[in-house]
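**Student:**
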Amino acid sequence: MMLQFNKQAIAKAFDRAAIHYDSYATLQRLSGNLLLKLAPSYSGRLLLDAGCGTGWYSRIWRERGKYVIALDLSLQMLKQAKKNNTAHHYIVGDIDNLPIAKSSLDIVWSNLVVQWANDLSKVLNRFNQILKPYGCLLFSTLSDGSLQELHCAWSYLDKHNHANHFPSKKEIFKICQEQHIACRSKVVIMHFPNVISAMHSLKGIGATHIHKGRNSILLTRKRLGRLQTYWPRDKYGFRLSYHLIYGVANL
1 MMLQFNKQAI AKAFDRAAIH YDSYATLQRL SGNLLLKLAP SYSGRLLLDA GCGTGWYSRI
61 WRERGKYVIA LDLSLQMLKQ AKKNNTAHHY IVGDIDNLPI AKSSLDIVWS NLVVQWANDL
121 SKVLNRFNQI LKPYGCLLFS TLSDGSLQEL HCAWSYLDKH NHANHFPSKK EIFKICQEQH
181 IACRSKVVIM HFPNVISAMH SLKGIGATHI HKGRNSILLT RKRLGRLQTY WPRDKYGFRL
241 SYHLIYGVAN L
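This is the structure in structure tokens:
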């Protein structure tokens with residue numbers, strides 16, 4: 001399962017979102033809190049937060065007594081993390097090319113990051129390699145079906161991609177099984193008062209880089225009206241679905 005993301009463009013998107021990221025990161029908090037509940041009791045101290053963002057979970061792990069290395073592709077995200085003193089050490093780096101020695105960490109934590117990997121299997125294998133014997137890997141990602149409402153609404157307007165598509169649950173589970181990673185899934189449906197709010201929730205966290213699609217388009221009042229018409233909704237508002245996958249491995 002190989003992709004080829006433009007990492008420079010991704011970094012720039014997250015750079016732009018860094019200052020206001022925490023105001024929009026509802027899904028990231030929900031996903032991360034669920035992932036924390038899956039964390040086994042483990043005395044190992046050296047932890048990598050791979051794709052730390054503003055360091056929300058770096059801080060939580062630090063408060064739990066871990067020595068935290070915060071890594072992110074976005075320099076501006078790392079600056080926010082460092083400003084808030086969330087970790088002990090900060091690295092600008094790419095999960096597809098981790099600058100970490102083998103068998104050097106006790107815990108690898110990566111919350112909603114590996115969906116940006118060019119090669120999921122390679123990245124998970126690399127995570128395992130940098131862990132010490134009996135180390136722990138904890139990650140979450142997105143699978144096919146995520147953002148289906150956005151895809152549905154835009155499909156009535158044009159044939160371009162306006163959000164990324166994700167690997168199937170079956171594909172991700174197969175990769176995890178091959179690497180002895182236990183997986184589980186959960187569907188989260190978020191609700192918004194209007195389409196603009198739903199779309200801003202993506203822009204606010206920097207998740208606007210599109211692989212093989214359009215990264216920007218003029219959203220006229222007419223287009224917005226049509227999106228409002230076609231966007232799936234229920235009694236709670238305009239929906240945006242996320243199909244989460246969680247992986248946990250004790251090596």
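First residue of the sequence shown: 1, per full-length UniProt numbering; consecutive thereafter. Ideal Cβ placement from N, Cα and C applies to all residues, glycine included. Just so we're clear, the structure is a prediction, and the values are computed from it rather than from any experiment.
#1: To the nearest angstrom, how far is the alpha carbon of Ala182 from that of Gln228?
#2: In chain order, which continuous runs of the alpha helix (DSSP H) of length 4 or greater are located wholly inside the UniProt domain "Methyltransferase type 11" (48-139)?
#3: What residues in its chain sit with their C-beta under 7 Å from that of Gly237, if we drop five residues either side in the sequence?
#4: Is Lys240 near Ser31, with beta carbons less than 8 Å apart?
#5: Roughly how many whole angstroms lie between the Cα atoms of Asn215 and Ile69?
#6: Does the distance from the C-beta atom of Arg184 to that of Tyr242 stay below 8 Å?
#7: Assuming Asn250 is part of the beta strand (DSSP E), what are its boundary residues?
#8: Closest to Leu224 by C-alpha separation, out of Lys7, Tyr134, Gly44 and Leu150, would be which residue?
#9: Would you call the stretch 134-149 in contact with the stretch 66-85, where contact means no fewer than 3 C-beta pairs closer than 8 Å?
#10: Report the three-state DSSP secondary structure of Ala9 (helix, strand or coil).
#11: From which residue to which residue does the beta strand (DSSP E) around His200 run?
#12: When the Cα atoms are used, what is the spatial distance from Ile175 to Lys82?
#13: How should His180 be labelled, buried or exposed, when 16 other C-beta atoms within 10 angstroms of its C-beta is the threshold for buried?
#14: Mind checking whether Ser58 and Asp15 have CB atoms under 8 Å apart?
#15: By a C-beta neighbour count over all protein chains shown, 10 Å radius and 16 as the cutoff for buried, is Arg221 buried or exposed?
#16: What three-state label does DSSP hand Thr141 in the structure shown?
#17: Identify the continuous alpha helix (DSSP H) that holds Phe173 and give its terminal residues.
#18: Going by beta-carbon coordinates alone, are Trp50 and Ser103 separated by less than 8 Å?
**Tutor:** Considering the structure as presented:
#1: As a working note, residue 182 is residue 182 in the sequence shown. As a working note, residue 228 is residue 228 in the sequence shown. Taken atom to atom, the span from the alpha-carbon of Ala182 to that of Gln228 is near 39 Å.
#2: The qualifying runs are 56-63, 75-83 and 120-130.
#3: What you label residue 237 is simply residue 237 of the sequence shown in a count that begins at 1. Cβ within range, chain order: His191, Phe192 and Pro193.
#4: Residue mapping note: residue 240 aligns to position 240 of the sequence shown, counting from 1. Residue mapping note: residue 31 aligns to position 31 of the sequence shown, counting from 1. Residue 240 is actually Leu in this sequence, not Lys. No, the Cβ-Cβ distance between Leu240 and Ser31 is not below 8 Å.
#5: Here residue 215 corresponds to residue number 215 of the sequence shown, with the count starting at 1. Here residue 69 corresponds to residue number 69 of the sequence shown, with the count starting at 1. At Asn215, the pLDDT of 47 sits below 50, so the modelled position is not reliable; the number obtained from the coordinates is stated separately. Approximately 31 Å between the Cα atoms of the pair.
#6: Against the sequence shown, residue 184 aligns to sequence position 184. Against the sequence shown, residue 242 aligns to sequence position 242. No, the pair does not count as a contact, with Cβ atoms beyond the cut-off.
#7: Here residue 250 refers to the residue found at position 250 when the sequence shown is read from its first residue. Asn250 -> beta strand (DSSP E) spans Gly237 to Asn250.
#8: As a first step, residue 224 must be located in the sequence shown, where it is residue number 224. When only C-alpha atoms are compared, the closest one is Leu150.
#9: Under the 8 Å Cβ criterion, the stretch 134-149 does not count as touching the stretch 66-85, having fewer than three qualifying pairs.
#10: Walking along the sequence shown from the start, residue 9 turns up at place 9. The answer is helix: DSSP assigns Ala9 an H, G or I state.
#11: Residue numbering aside, residue 200 sits at position 200 when the sequence shown is read from its first letter. Not the beta strand (DSSP E): His200 falls in the alpha helix (DSSP H), residues Val195 to Lys203.
#12: The residue you call residue 175 lines up with position 175 of the sequence shown. The residue you call residue 82 lines up with position 82 of the sequence shown. It is roughly 34 Å from the alpha-carbon of Ile175 to the alpha-carbon of Lys82.
#13: The count along the sequence shown starts at 1 and reaches residue 180 at position 180. Exposed: under 16 other Cβ atoms inside 10 Å.
#14: Counting from one through the sequence shown, the residue named residue 58 turns up at place 58. Counting from one through the sequence shown, the residue named residue 15 turns up at place 15. Cβ distance not < 8 Å, so Ser58 and Asp15 don't count as in contact.
#15: In the sequence shown, counting from the first residue as 1, residue 221 sits at position 221. Counting Cβ neighbours within 10 Å, Arg221 comes out exposed, since fewer than 16 surround it.
#16: For this step, residue 141 is matched to residue 141 along the sequence shown. In the structure shown, the three-state DSSP call for Thr141 is strand.
#17: Indexing the sequence shown from 1 puts residue 173 at position 173. In the DSSP assignment, Phe173 falls within the unbroken alpha helix (DSSP H) covering Lys169 to Glu178.
#18: Residue 50 sits at position 50 when you count from the first residue of the sequence shown. Residue 103 sits at position 103 when you count from the first residue of the sequence shown. In the sequence under discussion, the amino acid at residue 50 is Ala, which differs from the Trp named in the question. In this structure, Ser103 does not lie closer than 8 Å to Ala50 by Cβ.
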